[in-house]
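Remarks on the structure that follows.
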Amino acid sequence: MCKAFDLINHDILLAKLKIYGVDDGNLQLFRSYLADRQQYVNINGCTSSPLGITHGVPQGSILGPLLFLTFINDLPQVISNSTVDVYADDTTFSSSAHCTLGTTAVEAKLQEDIDSLCAWSTQNRMVLNAGKTKSILVTGKRLKSRVADPSLKLQANGTAIEQVIHQKLLGVTIDQELTFKEHVDKLCKKLSKKIGLLKKLCTYLPIEERLLFYNALIKPVMMYGSIVWTYCSKEDLMRVFRLQKRAARVILVTLDYKALIMLLKQKGGDADKYSNELCKGGLDTCRVLCILQSYEDGRG
116 MCKAFDLINH DILLAKLKIY GVDDGNLQLF RSYLADRQQY VNINGCTSSP LGITHGVPQG
176 SILGPLLFLT FINDLPQVIS NSTVDVYADD TTFSSSAHCT LGTTAVEAKL QEDIDSLCAW
236 STQNRMVLNA GKTKSILVTG KRLKSRVADP SLKLQANGTA IEQVIHQKLL GVTIDQELTF
296 KEHVDKLCKK LSKKIGLLKK LCTYLPIEER LLFYNALIKP VMMYGSIVWT YCSKEDLMRV
356 FRLQKRAARV ILVTLDYKAL IMLLKQKGGD ADKYSNELCK GGLDTCRVLC ILQSYEDGRG
């Protein structure tokens with residue numbers, strides 16, 4: 116959708132709320148919440164004339180996203196051939212067919228549902244952003260050679276929908292063969308930048324703050340969508356693992372064996388339990404990092 120939050124028609128929204136069972140008293144409260152809002156622009160102390168807001172829901176509020184989700188709640192009901200996944204203003208259609216049928220069967224299903232979406236958008240006075248709408252044919256490695264024509268010829272309101280070989284969806288980059296190589300490439304770039312920043316700061320931070328930096332800014336990025344690692348190649352998986360080891364070395368760069376034992380004791384850990392393991396073949400930084408995190412999380 117194009118500027119979906121700003122295009123919501125108040126009358127249509129209130130009508131849907133009534134259908135969903137909101138009584139007249141609460142409906143009047145919602146009407147008052149949406150009505151008589153104004154906006155203006157202020158640049159360098161110069162303020163424009165106020166302009167009334169007749170469409171949309173307030174962004175940055177708690178109630179705004181809830182009203183938006185209520186508005187689009189009936190969208191999946193008009194889709195009959197595809198699986199619909201809706202997350203805020205991101206909507207994804209997915210359909211499948213046997214590889215012997217080629218892309219024709221998938222095209223027919225998707226095109227019918229895209230037409231239904233366009234009709235729903237017109238009826239609800241929304242605008243479908245055809246320029247940002249993409250299609251991708253996921254075959255995997257095994258079936259790729261068995262599909263004669265891998266192209267998808269789809270349109271939205273007369274505009275051809277671009278077909279791509281990989282697409283970012285809710286933070287995970289999906290590719291045609293489900294190798295997730297592009298996703299790992301982007302992930303490694305993000306991790307390298309954050310680890311580089313930590314390296315510059317580590318001389319100024321005690322180890323507790325380095326661990327905090329790792330848990331707050333590095334680990335969540337690394338673990339987001341980690342289920343895709345199941346499908347990654349061993350080489351791509353090792354790239355992520357090497358970055359984790361690099362982060363561990365940066366965190367523990369000034370930490371020797373005695374300092375580690377003292378730190379474990381401070382955190383209430385059983386230092387003797389790990390002393391022999393940590394000394395075998397030198398100090399394994401990743402293992403040390405995991406041990407320290409286990410005590411940070413209360414799992415030691």
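Sequential numbering from 116 applies to the sequence shown in our numbering. C-beta: ideal position from N, C-alpha, C; glycine also. What you are looking at is a predicted structure, and each value in this text was computed from that prediction instead of being measured.
| Check | Outcome |
| --- | --- |
| Since Phe208 sits in a beta bridge, which residues does DSSP pair it with? | Val199 |
| DSSP beta-bridge partners for Lys283? | Thr288 |
| Are there 16 or more other CB atoms within 10 angstroms of the CB of Ala130, so buried, or fewer, so exposed? | exposed |
| Taking 8 Å as the cut-off, decide whether the C-beta atoms of Leu258 and Glu222 are in contact. | no |
| Of the choices Thr215, Glu227, Leu216, whose alpha-carbon is the least far from that of Ser209? | Glu227 |
| With a Cβ-Cβ cutoff of 8 Å, do Leu358 and Ile280 count as a contact? | no |
| Can you tell me whether Leu293 is helix, strand or coil according to DSSP? | coil |
| Leaving out five residues before and five after Asp290 in sequence, what residues of the same chain have Cβ atoms less than 6 Å from its Cβ? | His281, Glu297 |
| Taking the alpha-carbon positions, what's the Val242 to Val156 distance? | 25 Å |
| Which stretch, first to last residue, makes up the beta strand (DSSP E) that contains Ile168? | 166-168 |
| Would you give the residue range spanned by the beta strand (DSSP E) that Ser192 belongs to? | According to the sequence provided, residue 192 is Gln. The question's Ser does not apply to it. Segment: none, Gln192 is in no beta strand (DSSP E) and carries neither H nor E. |
| Does the count of Cβ pairs from the segment 301-308 and the segment 322-330 closer than 8 Å reach three? | no |
| What residue range is occupied by the uninterrupted beta strand (DSSP E) comprising Arg152? | 152-154 |
| Determine the direct distance from the alpha carbon of Val336 to that of Asn244, and round the result to whole angstroms. | 29 Å |
| So, do the segment 162-177 and the segment 187-196 have three or more beta carbon pairs nearer to each other than 8 Å? | no |
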